[in-house]
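All remarks here apply to the structure that follows.
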Amino acid sequence: MTLVDFCNLLINGTIEGLLIALPALALTLVMGVARFPNAATGDYMTVAAYAGIGVQALGGASIILAGLGAIAAGSAIAVVFYLWVLRALRGRPPVASLVASIGIAFFARSMLTLFVGHDQQTFAVPLVRAWNFGGIRLLPTDLYVAAVALLAMAALFALLHLTPIGRQMRAIADNPDLARACGIRSGRVLLALWAVVGVLCALGGMMFGVKAVVSPDLGWELLIPAFAAMILGGIGSPAGAVAGGVLLGIASELSVPFVGPSYKIAVAFALLLLVLLLRPRGLFGKAILAR
Amino acid sequence: MTAYLVAVGIIALIYMLLTIGLNLQYGYTGLINFGVVAFFAIGAYASALLTLAGWPLLPAFVVAMVAAAVVAYPIGLLSLRLSDDYLAVVTLGFSEVVRLVIQQERWLTHGVQGLPGIPRIFHSLGVGQYAELATLAALALCNLAAIGLMLHLVRSPYGRLIQAIRDDEVAVEAIGKDPRRLKVQVFMLGSGLAGLAGAFYAHFITYLSPDQFLPLVTFYVWIAMIIGGTGRTTGAVAGSLILMVFLEGSRFARDWIPGVSEVQMASVRLALVGLALILFTMYRPQGMMGVRR
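Protein chains in written order, with the working numbering: chain W, 73 to 363; chain E, 18 to 310.
So, in structure tokens, the structure goes:
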């Protein structure tokens, strides 16, 4: 592997990692505040990406409009399933919500394939030639996609640290009993949480769709990498999810010359096992977790 | 018609074995195994590859069981040191990796082309119904043995111990038992049963390909267990029969609802599985027949 190849893999990995960080953030928020691993995260991404495709087909090829459509669909589906299913399961052991979230994942995906079919779709984005700096290639599309991911993260961190609702979310994540005793109304906070989760999933699904293709398995296939990124960064830590995503992206890109592109999920899984074995609380996790 | 019923019965009994294994893991011990299909696949491919290489069936079946249990050992050891949710994520990831390996390692598994011509069980009895009836009988025996083993286990001091792990792990530790070792043992035992089910499946269907081992299979088994009632010995029997009626019923439904393609039917089936998982966890966590605790 030459230096140029290495740089290319590094760039690709960073961009891929920034995108993985979006669902990883969604997972880690739910894990921190609602306290269960949300297996439907991936399928929220898929549904939102298809919504984006649909809006683009209707609304005359505007990618911004498609993005807004995806965001609306993503937060709608996340909020609806919270109100219908997950709200009723609060107070039950986390496994109830976990099993239900698998059910939600299957239900959402099957409704999608029933009405939209199994065909792959693509976003209409202008085709642009990659910039070439002495062999180091950079696709402008990738830069846009990465910029959107970074903006979304900045907005999320601003929400978590600068707004009352974000502070309440962090309070519930830290200590739900204390938060309740302080008069924080968890119902409202959870509603906001799921809307934010939906937006993160939507942007993740949309950006992966813009970068490659949209297929019914888009999100499900990203679930294990997103889990790995979350655990790598430390469960419940948003900054950790971003770092974990980028590290995972780079690791899986750098592994391609050795194990081939089809084993990316396996690399994510191996990394997940390694972290669980050596440092179960992740890179940025607190020493004592809730469980 | 008889041939059809026998075939459906065989598949139902295969699911029953899987459900008994999962019930042992989750229902009695509280281990969230989202990777049942991985151990099923390992059993199926192990036995198929060995018999295709000229092994007789019986040792191949034993190896299939042992292989699935042995693979479960490191997975269990790794994740059982952590909390339950991690085991769910690790096993789900593991099942996807196993499917990926089956897809990619063509030299061993023929990849997506699949593995044809796996010898039937009791093929010396001819191709006709006798061989299938004998298969059905053998499977029924295995299920009876598994149920017997489970009843025995559950009533033994060991069984009380594993149920105590499910209910209060700290208390088990406090009385000087090592819950982790017990959990790994139960995880291996359940996975071994899944391996055995896989071997039966391979030699009944006689053709294996990676798309038979989607995560959906895992959740068919979960549905069967949840419907039957988790932690109930008879639950696995009832649950897998109900699952079978549903799977086969959806096939017939397509015959009298015109204009529904197989692809659409697959979507409907997935939707109903999802809906069942949602509704059962919401409204009847104790299963179809159990009493709410």
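For each residue, glycine too, the CB sits at the ideal point set by N, CA and C.
- V171 (chain E) sits in a helix when the DSSP states are folded into three classes.
- Of the residues assessed, W239 (chain E) falls on the buried side of the cut-off, its CB having 16 or more other CB atoms within 10 angstroms.
- Burial state of P288 (chain W) is buried, judged by a 10 Å Cβ sphere holding 16 or more other Cβ atoms.
- Taking a contact as a CB-CB distance under 8 Å, the pair G175 (chain W) and L294 (chain E) counts as one, their CB atoms being some 3 Å apart.
- The three-state reading of DSSP puts V277 (chain E) in coil, since its state is none of H, G, I, E or B.
- Less than 9 Å divides the Cβ of W266 (chain W) from the Cβ of L158 (chain W).
- Within chain W, no C-beta atom comes nearer than 9 Å to that of L97 (chain E); the closest sits roughly 11 Å away.
- Minimum Cα-Cα distance from L295 (chain W) among the listed residues W:N110, W:D77, W:C79 corresponds to W:N110.
- With a beta-carbon spacing of about 15 Å, Y32 (chain E) and L231 (chain E) fall beyond the 8 Å limit used to define contacts.
- Only residues of its own chain outside the window of five on either side were considered, and among them G44, Y45 have a CB closer than 6 Å to the CB of G248 (chain E), listed in chain order.
- Per the Cβ contact rule, the segment 218-226 of chain E is in contact with the segment 56-71 of chain E (3 or more Cβ pairs under 8 Å).
- Considering only W:I322, W:R209, W:V347, W:S182, the residue with the shortest C-alpha distance to K336 (chain W) is W:I322.
- Under a 10 Å Cβ-count criterion, R183 (chain E) is classified as buried, with 16 or more other Cβ atoms of the shown protein chains found around its own Cβ.
- For L210 (chain W), the enclosing beta strand (DSSP E) begins and ends at 208-210.
- Put simply, the backbone Cα of M167 (chain E) is about 20 Å away from that of T235 (chain E).
- The alpha helix (DSSP H) runs of length 4 or more contained entirely in the segment 130-213 of chain E are, from start to end of the chain, 146-172, 174-184, 186-191.
- Chain W places no beta carbon closer than 9 Å to that of D195 (chain E), leaving this residue out of the contacts.
- Per DSSP, F356 (chain W) lies in no beta strand (DSSP E) segment and is marked neither H nor E.
- Ranked by Cα distance from F341 (chain W), the options E:L178, E:V118, E:G71 are led by E:V118.
- If one requires a minimum length of 4 residues, the alpha helix (DSSP H) runs lying completely within the segment 214-256 of chain W are 236-246, 248-253, in chain order.
- Residues of chain E with a Cβ closer than 7 Å to the Cβ of I337 (chain W) are, in chain order, E113, V114, L117.
- Under the 9 Å criterion on CB atoms, F178 (chain W) is classed as interfacial with respect to chain E.
- When beta bridges are read from the DSSP output, N204 (chain W) appears opposite W:R209.
- Contact annotation: G281 (chain W) and I92 (chain W) have beta-carbon atoms that are not nearer than 9 Å.
- Pairing G93 (chain E) with A300 (chain W) gives a Cβ-Cβ distance that is not under 9 Å.
- Annotation: the continuous alpha helix (DSSP H) that includes L263 (chain W) extends over 258-283.
- P329 (chain W) has its alpha-carbon roughly 22 Å from the corresponding atom of F205 (chain W).
- Proximity of chain W to L199 (chain E) at the Cβ level (cut-off 9 Å) is not reached, the minimal Cβ distance being about 19 Å.
- Taken atom to atom, the span from the alpha-carbon of M282 (chain E) to that of V151 (chain W) is near 28 Å.
- Bounds of the alpha helix (DSSP H) holding T235 (chain E) are 232-245.
- The residue among E:G47, E:A255, E:K200 with its C-alpha nearest the C-alpha of R98 (chain E) is E:K200.
- Taking C-beta separations shorter than 8 Å and ignoring five residues to either side along the sequence, the partners of I208 (chain W) in its chain run V76, C79, N80, I83, following chain order.
- Within a 10 Å sphere around the beta-carbon of L262 (chain W) sit 16 or more other beta-carbons, which makes this residue buried.
- When secondary structure is reduced to three states using DSSP, Q229 (chain E) falls in the helix class.
- Annotation for A216 (chain E): G60, S64, F78, A81 place their beta carbon closer than 6 Å to its own, counting only its chain and skipping 5 residues before and after.
- Scanning E:G252, E:T36, E:I192, E:V54 for the CA closest to the CA of E113 (chain E) turns up E:V54.
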